[in-house]
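2 protein chains.
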Amino acid sequence: MPRAKITEVAREAGVSLSTVSRVMNGNPTVDAALAERVREVAARLGYSANPLARSLVLGRTQTISVVVPDLANPTFQAILRGLSHAASKDGYHVLISDTEERVEDEQEIAVTTRRRTDGVILCAPRLPQDELSALLPAIGPAVVINRPPQPEVPTVSADYGVATAGLIAHLQSLGHRRLAFLSGAVRSASGEARRRAIAAASDADPALEVVEISAGVDFDSGAAAADAVLASGATAALAFNDLVAMGLLSAVTSRGVRVPDDLSIAGFDDIPFSAYTSPPLTTASVPAADLGERAWAAMHALLSGGEPETDVTLAPQIVVRASTAPAAH
Amino acid sequence: MPRAKITEVAREAGVSLSTVSRVMNGNPTVDAALAERVREVAARLGYSANPLARSLVLGRTQTISVVVPDLANPTFQAILRGLSHAASKDGYHVLISDTEERVEDEQEIAVTTRRRTDGVILCAPRLPQDELSALLPAIGPAVVINRPPQPEVPTVSADYGVATAGLIAHLQSLGHRRLAFLSGAVRSASGEARRRAIAAASDADPALEVVEISAGVDFDSGAAAADAVLASGATAALAFNDLVAMGLLSAVTSRGVRVPDDLSIAGFDDIPFSAYTSPPLTTASVPAADLGERAWAAMHALLSGGEPETDVTLAPQIVVRASTAPAAH
DNA sequence: CTGTTAGCGCATTCAA
DNA sequence: TTGAATGCGCTAACAG
Numbered sequence: 001m002p003r004a005k006i007t008e009v010a011r012e013a014g015v016s017l018s019t020v021s022r023v024m025n026g027n028p029t030v031d032a033a034l035a036e037r038v039r040e041v042a043a044r045l046g047y048s049a050n051p052l053a054r055s056l057v058l059g060r061t062q063t064i065s066v067v068v069p070d071l072a073n074p075t076f077q078a079i080l081r082g083l084s085h086a087a088s089k090d091g092y093h094v095l096i097s098d099t100e101e102r103v104e105d106e107q108e109i110a111v112t113t114r115r116r117t118d119g120v121i122l123c124a125p126r127l128p129q130d131e132l133s134a135l136l137p138a139i140g141p142a143v144v145i146n147r148p149p150q151p152e153v154p155t156v157s158a159d160y161g162v163a164t165a166g167l168i169a170h171l172q173s174l175g176h177r178r179l180a181f182l183s184g185a186v187r188s189a190s191g192e193a194r195r196r197a198i199a200a201a202s203d204a205d206p207a208l209e210v211v212e213i214s215a216g217v218d219f220d221s222g223a224a225a226a227d228a229v230l231a232s233g234a235t236a237a238l239a240f241n242d243l244v245a246m247g248l249l250s251a252v253t254s255r256g257v258r259v260p261d262d263l264s265i266a267g268f269d270d271i272p273f274s275a276y277t278s279p280p281l282t283t284a285s286v287p288a289a290d291l292g293e294r295a296w297a298a299m300h301a302l303l304s305g306g307e308p309e310t311d312v313t314l315a316p317q318i319v320v321r322a323s324t325a326p327a328a329h
Numbered sequence: 330m331p332r333a334k335i336t337e338v339a340r341e342a343g344v345s346l347s348t349v350s351r352v353m354n355g356n357p358t359v360d361a362a363l364a365e366r367v368r369e370v371a372a373r374l375g376y377s378a379n380p381l382a383r384s385l386v387l388g389r390t391q392t393i394s395v396v397v398p399d400l401a402n403p404t405f406q407a408i409l410r411g412l413s414h415a416a417s418k419d420g421y422h423v424l425i426s427d428t429e430e431r432v433e434d435e436q437e438i439a440v441t442t443r444r445r446t447d448g449v450i451l452c453a454p455r456l457p458q459d460e461l462s463a464l465l466p467a468i469g470p471a472v473v474i475n476r477p478p479q480p481e482v483p484t485v486s487a488d489y490g491v492a493t494a495g496l497i498a499h500l501q502s503l504g505h506r507r508l509a510f511l512s513g514a515v516r517s518a519s520g521e522a523r524r525r526a527i528a529a530a531s532d533a534d535p536a537l538e539v540v541e542i543s544a545g546v547d548f549d550s551g552a553a554a555a556d557a558v559l560a561s562g563a564t565a566a567l568a569f570n571d572l573v574a575m576g577l578l579s580a581v582t583s584r585g586v587r588v589p590d591d592l593s594i595a596g597f598d599d600i601p602f603s604a605y606t607s608p609p610l611t612t613a614s615v616p617a618a619d620l621g622e623r624a625w626a627a628m629h630a631l632l633s634g635g636e637p638e639t640d641v642t643l644a645p646q647i648v649v650r651a652s653t654a655p656a657a658h
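Chains as they are written, first to last, in my numbering: chain A, 1 to 329; chain B, 330 to 658.
This is the structure in structure tokens:
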């Protein structure tokens with residue numbers, strides 16, 4: 001597919017290539033008739049400027065990078081979808097990088113991908129803060145998703161703290177006093193937020209007991225934690241996310257434990273299927289697609305010299321479904 | 330982040346920029362000692378070649394485009410994941426375009442994104458064949474997913490025909506004689522394959538009756554078709570995909586119909602959640618991530634002058650779970 | 001083996 | 001208003 005170049009259009013239209021360039025970029029300082037002729041020729045030749053050459057000379061690519069830790073995770077899928085949708089509405093393209101949970105590669109991947117784009121939107125929940133701090137200046141403009149506020153860099157996050165508090169309050173109102181918390185990824189940012197909220201709730205109500213059980217972030221690790229949850233004597237479990245909750249739900253059910261009669265289970269995220277488990281899952285609904293959209297909005301502001309909102313926080317909504325019920329006495 | 334350029338490295342190392350270029354590209358015709366010095370300086374300055382400039386001069390970007398109709402669809406998510414993983418292993422980046430089901434924009438989106446990359450992998454199940462034929466030459470190298478074999482262009486597909494046949498055979502062996510088929514997207518390629526397989530099965534067994542009920546491709550359209558399915562008198566339903574099956578399952582269950590006792594339901598795809606509905610869904614498991622990987626393999630071959638497999642077909646596997654059972658007498 | 005030169009395709013000074 | 005140069009940063013002929 002040999003595409004027409006600007007010189008051919010210029011020659012065909014009998015003008016210089018600068019004139020063609022001006023016309024194509026809508027520069028009004030071109031004689032109307034001439035401009036029309038150029039447009040005609042360009043249309044006839046199917047010409048449009050080579051984006052690569054344009055990128056090189058203009059110093060911008062109209063493309064941004066999105067770095068996610070795991071494309072298999074429904075939450076990141078939703079973030080990506082919201083992001084992609086919003087960016088394309090503004091005429092931007094999206095280059096995607098899946099780090100596949102290799103935290104040790106995250107920095108290099110981010111830096112590498114950044115060189116091909118105008119900025120990076122980073123989902124790196126497990127990257128240590130000091131490394132993040134070191135990375136950010138190297139990849140700016142950047143927007144960070146689901147991390148605490150960062151200096152100089154806009155942040156867009158769901159508030160896992162209030163989500164946790166809300167879920168705990170819900171469980172307490174149901175009479176639960178002993179909770180199992182399936183902590184997910186070690187040292188993840190949102191994990192810390194959950195932990196702090198739990199500590200606060202414990203402080204506020206001495207009758208509340210929360211036993212932390214370490215688990216992973218996916219379905220299987222939820223299932224694997226079933227015995228530990230059952231052994232803990234908790235009447236309700238707070239899972240790190242819906243995937244974990246579903247794994248736990250599946251595993252305890254197959255052990256003959258009835259949910260929510262014998263054990264209440266709540267998750268985080270409200271991924272698409274959470275409404276259709278049996279019983280449907282009580283969860284804190286994280287507006288992931290919105291997160292993606294807001295992240296783009298911040299990036300767009302950065303890219304166009306505007307003032308981005310610095311630290312956007314979206315409050316998850318507690319969605320009570322059927323996996324939580326009053327504590328058995 | 331002003332990055333070091335090749336001229337600075339050259340100056341700093343006291344050599345010409347071509348020497349630096351040679352060293353950076355591993356050209357062996359450079360004196361070992363000199364090369365070492367250059368590498369040292371490059372490392373010290375944190376230099377690496379600007380990919381944009383490289384792309385312009387080399388005529389390749391090390392990036393490919395993936396065009397999907399809907400990023401919210403688990404199947405395309407899985408394809409994308411497999412693709413992204415495979416491509417990144419080969420040092421390629423992935424630019425993603427979600428056409429958001431706007432078939433009328435698919436061609437322009439594909440052409441536009443193609444200009445920024447070295448090729449496009451196209452998921453466009455609903456694009457009419459004549460438009461596809463017209464599009465393909467304009468975006469080559471291209472690989473097409475889930476469409477019939479195309480001239481000149483490698484194709485990677487799941488065989489929805491054998492999947493349909495397998496599911497029907499399964500249902501027949503269970504004693505079902507009257508099936509409801511929830512046809513999904515009008516004029517989709519895989520839809521045609523399903524339809525042909527149904528026709529073949531009907532021809533082969535006159536006792537088999539299949540009533541086609543038109544529905545969409547998502548959960549809601551499955552739910553919306555519930556009444557029609559129930560009214561059809563079918564003892565089993567074949568849904569266009571798992572999403573539709575789940576919608577149907579949910580809706581009929583809430584109407585007091587027991588699945589699978591009163592009605593058997595089967596889907597297509599085996600999306601991650603299909604194993605966890607209640608009852609778990611019988612479905613034809615489409616290896617979506619593999620599809621993505623194979624599509625990349627074909628593209629990679631195209632890009633490196635190799636011979637791609639022309640028409641890869643992956644056979645879905647019938648996964649019998651609990652949503653199908655013997656027909657009630 | 002190394003340096004010089006010429007583009008890749010375009011936007012943008014600067015003159016005219 | 002238009003055209004002729006210059007350069008974005010790099011690779012690859014071509015000489016030496």
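Using N, Cα and C, we set each Cβ at its ideal position, and we do this for glycine too.
- Cβ contact annotation for V144(A) (same chain, cutoff 7 angstroms, sequence separation greater than five): L122, Q150, V153 and T155, in chain order.
- Residue environment for E104(A): exposed (fewer than 16 other C-beta atoms within 10 angstroms of its C-beta).
- Listed in chain order, the alpha helix (DSSP H) elements of length 4 or more contained wholly in the stretch 154 to 217 of chain A are 160 to 173 and 189 to 204.
- Sequence-ordered contacts of the stretch 569 to 580 of chain B with chain A read M575 and S579 [C-beta pairs closer than 7 angstroms].
- For the set L567(B), A528(B), V558(B) and A416(B), the Cα lying nearest the Cα of S97(A) is the one of A416(B).
- Where I109(A) is concerned, the enclosing alpha helix (DSSP H) starts and stops at V103 to R114.
- Within the stretch 595 to 642 of chain B, the complete alpha helix (DSSP H) segments of 4 residues or longer fall at 617 to 632, listed in chain order.
- The beta carbon of S413(B) sits closer than 8 angstroms to some beta carbon of chain A.
- Taking the CA atoms as reference points, D590(B) sits about 32 angstroms from A328(A).
- The C-alpha of A362(B) lies about 50 angstroms from the C-alpha of D640(B).
- Not a single C-beta of chain A is nearer than 8 angstroms to the C-beta of N354(B).
- Using a CB distance cut-off of 8 angstroms, H629(B) does not count as an interface residue toward chain A.
- In this structure, the CA atom of S323(A) is about 15 angstroms from the CA atom of G175(A).
- Ranking R455(B), L511(B) and P655(B) by CA distance to the CA of L592(B) puts P655(B) first.
- Neighbours of S55(A) in chain B, taken as residues whose beta carbon is under 7 angstroms from its own, are L381 in chain order.
- Between A544(B) and V573(B), the beta carbon gap of about 6 angstroms places them in contact (Cβ cut-off 8 angstroms).
- Distance from the Cα of V546(B) is smallest, within the candidate group A467(B), L567(B) and A333(B), for L567(B).
- Only those residues of the stretch 258 to 285 of chain A whose C-beta falls short of 7 angstroms from the nearest C-beta of chain B are listed: F273, Y276, T277 and S278.
- The distance from the Cβ of L71(A) to that of S413(B) is about 6 angstroms, consistent with a contact at the 8 angstroms cut-off.
- Taking a 10 Å sphere around the C-beta of G635(B), we find fewer than 16 other C-beta atoms and assign the residue as exposed.
- The beta carbon of E429(B) sits closer than 8 angstroms to some beta carbon of chain A.
- Cβ proximity to chain A below 9 angstroms picks out S426, D427, E429, I438, T441, T442, R443, R444 and R445 from the stretch 426 to 455 of chain B.
- Checking the DSSP bridge columns, you'll see A566(B) partnered with A509(B) and I594(B).
- Taking the C-beta atoms as reference points, T493(B) is found no nearer than 8 angstroms to R455(B).
- Proximity of chain B to L80(A) at the Cβ level (cut-off 7 angstroms) is accounted for by L400, in chain order.
- Proximity of the stretch 261 to 281 of chain A to the stretch 340 to 349 of chain B falls short of the contact definition, fewer than three beta-carbon pairs being nearer than 8 angstroms.
- For L559(B) and R650(B), the gap between their C-alpha atoms comes out near 22 angstroms.
- Using a CB distance cut-off of 8 angstroms, V94(A) counts as an interface residue toward chain B.
- A364(B) and R332(B) have their C-alpha atoms roughly 21 angstroms apart.
- Here Q62(A) carries a coil assignment [DSSP, helix/strand/coil].
- When the alpha-carbon of A467(B) is set against those of N475(B), A439(B) and G490(B), the nearest one is in A439(B).
- Nearest C-alpha to L632(B) among S394(B), N354(B) and M353(B): S394(B).
- With a threshold of 8 angstroms between beta carbons, Q77(A) makes contact with chain B.
- Rounded to the nearest angstrom, the gap between the Cα atoms of A407(B) and V338(B) is 43 angstroms.
- Our two residues, G256(A) and L182(A), have alpha carbons roughly 20 angstroms apart in a direct line.
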